[in-house]
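Colleague:
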Amino acid sequence: MPENKSLRIDTCQLLGYPKRIEIELSSSCNLQCVYCPRRFFNNLNGFLDLGAFKKIVDESAVYPETVIVLHRRGESLLHPNFIEICEYIRGKFKEIQLATNATLLDEGKNRAIIDSIHFISFSIDVPSVFNKTRIPAKYSDVQKRILHFLDMNGGRVKTQVSMVKTEITPNENLQIFKKLWRKKVDRVRIYEEHSKDGRFGSLKCNRGRRLPCVMPFYELLICSDGKVRRCNHDWDGFAMGDVNKNSLKEIWNSSIYAELRKQHSCMNIYDEVCRNCDSWYAEIGNQGTGETIK
Numbered sequence: 001m002p003e004n005k006s007l008r009i010d011t012c013q014l015l016g017y018p019k020r021i022e023i024e025l026s027s028s029c030n031l032q033c034v035y036c037p038r039r040f041f042n043n044l045n046g047f048l049d050l051g052a053f054k055k056i057v058d059e060s061a062v063y064p065e066t067v068i069v070l071h072r073r074g075e076s077l078l079h080p081n082f083i084e085i086c087e088y089i090r091g092k093f094k095e096i097q098l099a100t101n102a103t104l105l106d107e108g109k110n111r112a113i114i115d116s117i118h119f120i121s122f123s124i125d126v127p128s129v130f131n132k133t134r135i136p137a138k139y140s141d142v143q144k145r146i147l148h149f150l151d152m153n154g155g156r157v158k159t160q161v162s163m164v165k166t167e168i169t170p171n172e173n174l175q176i177f178k179k180l181w182r183k184k185v186d187r188v189r190i191y192e193e194h195s196k197d198g199r200f201g202s203l204k205c206n207r208g209r210r211l212p213c214v215m216p217f218y219e220l221l222i223c224s225d226g227k228v229r230r231c232n233h234d235w236d237g238f239a240m241g242d243v244n245k246n247s248l249k250e251i252w253n254s255s256i257y258a259e260l261r262k263q264h265s266c267m268n269i270y271d272e273v274c275r276n277c278d279s280w281y282a283e284i285g286n287q288g289t290g291e292t293i294k
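Residue numbering for the sequence shown follows my numbering, starting at 1 and increasing by one per position.
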């Protein structure tokens, strides 16, 4: 295998279980962000069955070191059982993460998050751009909701704000964003726009010599219909498995996953999703295409 410092073997992997599980509570979203890959789809509208969610949690709870991520293509807070979901998963894992556009934060959801989640990321932007790109949300309302959450939180949940950097984003906006939030949250992060050409995982920048991607060795991602995908850049590839039919451990150790790992290990990648992806370089523990500026 070509040298890749991002690939690590740990107890979870030796036990045949993913280190990180991303669970899409909702494929529906209440916003139409201009740079979101959702614009290439017309049928993303659904919620993970509560019974399926509990099955995933029950199986995974015997591996409490597994990082659980409660978001993907949609807005998780739209799930009609969001508070019950937080209550059910509470205390079962050492790291539970969530990302949200913050438009639906209220007293009840804030309390559920503070009591159950360890890390939350708010997707926002600078005021001059937000209302033009996060349609139909209004910056003043979202800012108010985030600040109220931070007041309620009192530092218990680690917090992040993030924005998307496009080809026309002036450097001044990055500095404004940092200045607005760096003293209010634990981390400020800038993500590069991706998949803008309809090719999921594509980036404009050249990352040089390709290395094996960490995701087939590290993360299992479950969509709201229970189908398992390769990673967060797999929006329309064939499913790697279905949690409604098999256990996560069976899927993770399946011949389909073994074949994908072999492709990356040998750097002979012909998988329909992976072969054209530019986002393989992300480091473990810092997934995503971007930079942390705090």
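All C-beta atoms in this analysis are idealised placements derived from N, C-alpha and C, irrespective of residue type, glycine included.
Quantities reported herein were computed from a predicted structural model and do not represent experimental measurements.
Taking the beta carbon of residue 193 as the centre, do at least 16 other beta carbons fall within 10 Å, making it buried, or is it exposed?
Modeller: Label assigned to residue 193: buried.
Colleague: Considering only the alpha carbon of each residue, which of 26, 43, 37 and 32 lies closest to residue 50?
Modeller: Selected option, being the one with the closest Cα: 26.
Colleague: Would you decide whether residue 262 is buried or exposed? Buried here means 16 or more other CB atoms lie within 10 Å of its CB.
Modeller: Exposed: under 16 other Cβ atoms inside 10 Å.
Colleague: Once DSSP output is grouped into helix, strand and coil, what is the label at residue 85?
Modeller: Residue 85: helix per DSSP, three-state reduction.
Colleague: Whole angstroms is fine: what's the gap from residue 228's alpha carbon to residue 237's?
Modeller: Looking at the two C-alpha atoms, the distance is approximately 10 angstroms.
Colleague: If you compare alpha carbons, which of 231, 94, 249 and 162 is closest to residue 181?
Modeller: Ranking the options by Cα distance to residue 181, first place goes to 162.
Colleague: Between the Cα of residue 74 and those of 93, 87, 110 and 33, spot the shortest distance and give me the residue it belongs to.
Modeller: Checking every option, the nearest Cα to that of residue 74 belongs to 33.
Colleague: Taking the C-alpha atoms as reference points, what is the distance between residue 39 and residue 77?
Modeller: Residue 39 and residue 77: Cα-Cα distance of roughly 20 angstroms.
Colleague: For my contact list, residue 231 and residue 219 are in at a C-beta cut-off of 8 angstroms; report their separation, rounded to the angstrom.
Modeller: The Cβ separation is near 6 angstroms, so the contact holds.
Colleague: So, at 6 angstroms on beta carbons, what are the nonlocal neighbours of residue 69 in its own chain, with the 5 sequence-adjacent residues on each side left out?
Modeller: If we look at residue 69 and ignore the five residues flanking it on each side, its Cβ neighbours are 22 and 97.
Colleague: In the DSSP assignment, what residue or residues form a beta bridge with residue 134?
Modeller: In DSSP, residue 134 forms a bridge with 33.
Colleague: Under three-state DSSP, which class holds residue 228?
Modeller: Looking at residue 228 - three-state DSSP - the assignment turns out to be strand.
Colleague: Going by DSSP, name the residue or residues bridged to residue 100.
Modeller: Partner(s): 122.
Colleague: For residue 222, report the span of its beta strand (DSSP E) as first-last.
Modeller: 219–222 is the span of the beta strand (DSSP E), which, as asked, contains residue 222.
Colleague: In chain order, what residues of the same chain lie with their CB nearer than 8 angstroms to the CB of residue 85, ignoring the 5 residues before and after it?
Modeller: The residues are 25, 50, 53, 70 and 79.
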